[in-house]
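When we follow the working numbering, the leftmost residue of the sequence shown carries the number 211, and every step to the right adds one.
The beta carbon of each residue, even a glycine, is placed where N, CA and C say it ideally should be.
The structure presented is a predicted model; accordingly, all values stated were derived computationally and were not measured.
All remarks here apply to the structure that follows.
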Amino acid sequence: MIMASTVLQLTPLSYPKPIIGIRQNSEPSLLAFHDLLSLIPRCASLRELKQIHGYAIKTHVKDDISVLTKLINFCTSNPTISSMEYAHKMFDEIPNPDIVLFNTMARGYARLENSLQAMVLLAQLLCFGLLPDDYTFSTLLKACSRFKALEEGKQVHCLALKLGVIDNVYVHPTLIHMYTMCNDIDSARRVFDKISEPCVVTYNALITSYARKSQPNEALALFRELQERDLKPTDVTMLVVLSSCALLGALGLGKWIHEYVKKNGFVQYVKVNTALIDMYAKCGSLDDAVSVFENMHVRDTQAWSAMILAYAAHGHGFKALSMLEEMNKAKVWPDEITFLGILYACTHNGLVEKGYEYFSSMIHKYGIVPSIKHYGCMVDLLGRAGRLDDAYKFIDELPIKPTPILWRTLLSACGSHGNVELGKQVIQRIFELDDTHGGDYVILSNLCARSGKWEDVNFLRKMMKDRGAVKVPGCSSIEVNNVVHEFFSGDGVNSTSTALHHALDELVKELKLAGYVPDTSLVFHANIGDEEKEVVLRYHSEKLAIAFGLLSTPPGTTIRVVKNLRVCGDCHNAAKFISLIFGRQIILRDVQRFHHFKGGKCSCGDYW
Ligand code: ZN
Ligand code: ZN
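Below is the structure:
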């Protein structure tokens, strides 16, 4: 008999303060067994759960395994109660635990990111002469994923093979996920390739793996394969496929997927619409992003944030800021991503004071704790505006340990503002944390070269070589007829020239006639002449991609290029000339922002 208003009277066990409302008139055993079971989900604290456990011990109800199972289950799954220590105590009381109990315990440990303990349970389970079932496998594999425990994951995989449960629908996706999280995407692919009839969940797992590992082409190829097999993609598939298009800057493909989304009823998902906004923004079509946003019936924080980020990345800083006001009016609460967009907007429009105001309101009005990314935005904001000393002070006084990226942001600013002395101080701070990043040597070396400090240039080059620091090669991609073509800087410098290189040679001649002067001071190569430096510069990845776009698309078509690093000054200048001479609009997305080149000018106003 249970009444919420009455008080627990479980004599003779004495508890400090009765909590749960159980009226018990005479003997404890009067509390029916099923009443006890139904009380468990009503526990609001570990103390209450212990009361029920105590009552079960006292009345010998605990000998019934279902009570303990339910208690353990509740103890391991309820976030407010969650105590694996207590759950394990109860578990140890059971002389012959069954597989369900093992699974419950393993799931509890996996959830708490105590993956090793979950593996210990597997060994214990085998000692009891029990065999793991498909549920055990998926729980253990999830635990290995979280812990990035590749060796343990392989052991679980092996056992699943031996026991013949490998073909279970739950095991495949978790295996793929485990290998991905352990950075072994080849093994993930091998698992997939061995499946005779992969289902959509398995496809989603591998597509997600590729997207996560920045292999969007592979992700999109699998999406096509999934359709050829007449499988119906889910909203998860659409999210991942859209993020792959965004990564590649593949607008044509993205538009086709948008049509697919409309035809197949995925428009109802707020997350899919948000992914569409992000895709359009990253593929350089702000108008399409706005149109998706305006057609949404329900807009959550993520949708607003995606739109704010889109405006900011395309240089419409004031529009991004006004969106925050509209968001407030719509009573949608901003989060840390919203403020990244806001700070980003301030940075790209040089709004230093406004940036400080928003940074402060983010903390004090909205209670958001700044992350390293927010600090990065502030350093960028100050650095771009030329307030280099303030930026240095800002990093130095941070409440957290600065990352090399923060200092690197300032180093770039020193590069664009020509401050050699501060640049040298900053690189020292970077080297204290990481001296393997070739890009740092290059920035400072270019800076020294422009100030004619050749001794420093040679010194930096030698140091870079001695320390084995490598520069990430520039890579630019362009989508033509739904195929994404990638170009790497230096392609063709040492190899046999192709038609594209000849075309680029001719193109540069034409640009020179119009007044373009190659900026060879940007070339980081020791002991080569100016002419060779020009060749290196000419075959930069973004120039190759733009030239390819010029050759393979009809006149007047907008050329959209995506670059993995910041666009270099020389390519930026060349793109302006190309847009003027050929009457082409060029939209270049670099790692920082969008550059819309039109009629010899760039939307960034050379402020990047
Ligand atoms: Zn370049
Ligand atoms: Zn620009």
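Using a Cβ-Cβ cut-off of 8 Å (strictly less than) and excluding sequence neighbours within five positions of G648, which residues of its own chain qualify? Here the set comprises M674, A679, V680, K681 and V682.
Coarse secondary structure for L798, derived from DSSP in three states: strand
So E607 is in the beta strand (DSSP E); what residue range does that whole segment cover? From DSSP, E607 is part of no beta strand (DSSP E); its letter is neither H nor E.
Those runs of the beta strand (DSSP E) which lie wholly inside the region 663-698 and span at least 3 residues: 685-690 and 693-698
Other residues of its chain near S766: CB distance less than 8 Å, five sequence neighbours each side excluded: Residue 766 is actually Gly in this sequence, not Ser. Taken in chain order, the residues that qualify are G793 and R794.
Taking the alpha carbon of G551 as the reference point, which residue from F569, E563, K539 and F476 has its own alpha carbon closest? F569
Comparing the CB of E536 with every heavy atom of ligand 1, is any distance shorter than 8 Å? no
Stretch pair the region 586-602 + the region 547-565: three plus CB contacts closer than 8 Å: yes
Please list the segments of the alpha helix (DSSP H) lying wholly inside the region 516-584, counting only runs of 4 or more residues, in order along the chain. 527-539, 546-558 and 562-574
Reduced DSSP secondary structure (H/G/I, E/B, other) of H806: strand
Can you give, in chain order, each stretch of the beta strand (DSSP E) that sits fully within the region 406-446 and has at least 3 residues? none
Could you say which of K541, D308 and L632 lies nearest to L341 if we only look at CA atoms? D308
Nonlocal neighbours in the same chain, by C-beta distance under 8 Å from L721, ignoring five residues either side: Hits under 8 Å: A784, F787, I788 and I791.
Going by CA-CA distance only, name the one from K280, F243 and T290 that's closest to R257. When each option's Cα is compared against that of R257, the closest is T290.
With C-beta atoms as the reference, is E546 less than 9 Å away from M506? No, the Cβ-Cβ distance between E546 and M506 is not below 9 Å.
Over what stretch of residues does the beta strand (DSSP E) that includes K773 continue unbroken? I769 to K773
Consult DSSP for H750 and reduce its assignment to one of helix, strand or coil. coil
Under 8 Å by Cβ, that's how I've got I769 and G759 pegged, so tell me the actual separation to the nearest angstrom. 4 Å
CA-to-CA distance, S655 to L620, given in whole angstroms: 15 Å
For D445 and T418, I'd like the C-alpha separation in whole angstroms. 12 Å
Please tell me whether, using a cut-off of 8 Å, the distance from the CB of F787 to the nearest non-hydrogen atom of ligand 2 is below it. no
When DSSP labels each residue in this structure, what does C812 get in the three-state scheme? It is a strand residue.
Helix, strand or coil, according to DSSP, for H507 in the structure here? H507: coil per DSSP, three-state reduction.
Alpha-carbon to alpha-carbon, K472 and Y726: Roughly 46 Å separates the two Cα atoms.
With a 10 Å radius around its C-beta and 16 neighbouring C-beta atoms as the bar for buried, classify C157 as buried or exposed. The displayed coordinates of the chain run from 211 to 818. Any statement about residue 157 would go beyond what the structure contains.
Please find out if some non-hydrogen atom of ligand 1 comes closer than 8 Å to the beta-carbon of K358. Incorrect: K358 has no Cβ contact closer than 8 Å to ligand 1.
Rounded Cβ spacing between M489 and W514 (contact assumed at less than 8 Å): Wrong, their Cβ atoms sit about 17 Å apart, outside the cutoff.
Under 9 Å between C-beta atoms of K465 and D498: yes
Pairwise C-alpha distance: L247 and G339: 29 Å
Beta-carbon separation (whole angstroms), E744 vs S686, contact threshold 8 Å: That pair is no contact at about 19 Å.
Leaving out five residues before and five after D645 in sequence, what residues of the same chain have Cβ atoms less than 7 Å from its Cβ? R677 and A679
For ligand 2, any of its heavy atoms closer than 8 Å to the Cβ of S813? S813 Cβ: within cutoff of ligand 2.
Identify, in the order they occur along the chain, each residue of the same chain with its Cβ nearer than 6 Å to the Cβ of D800, setting aside the five sequence neighbours on each side. Taken in chain order, the residues that qualify are K773, R776 and V777.
Taking the alpha carbon of E689 as the point to measure from, which residue in A757, G633 and L643 has its own alpha carbon closest? Minimum Cα-Cα distance from E689 among the listed residues A757, G633 and L643 corresponds to A757.
Indicate whether the contact test is met: 3 or more Cβ pairs, each with one atom in the region 650-669 and one in the region 424-438, closer than 8 Å. No, the region 650-669 does not touch the region 424-438.
Considering only their Cβ atoms, is the gap separating K663 from V630 smaller than 9 Å? yes
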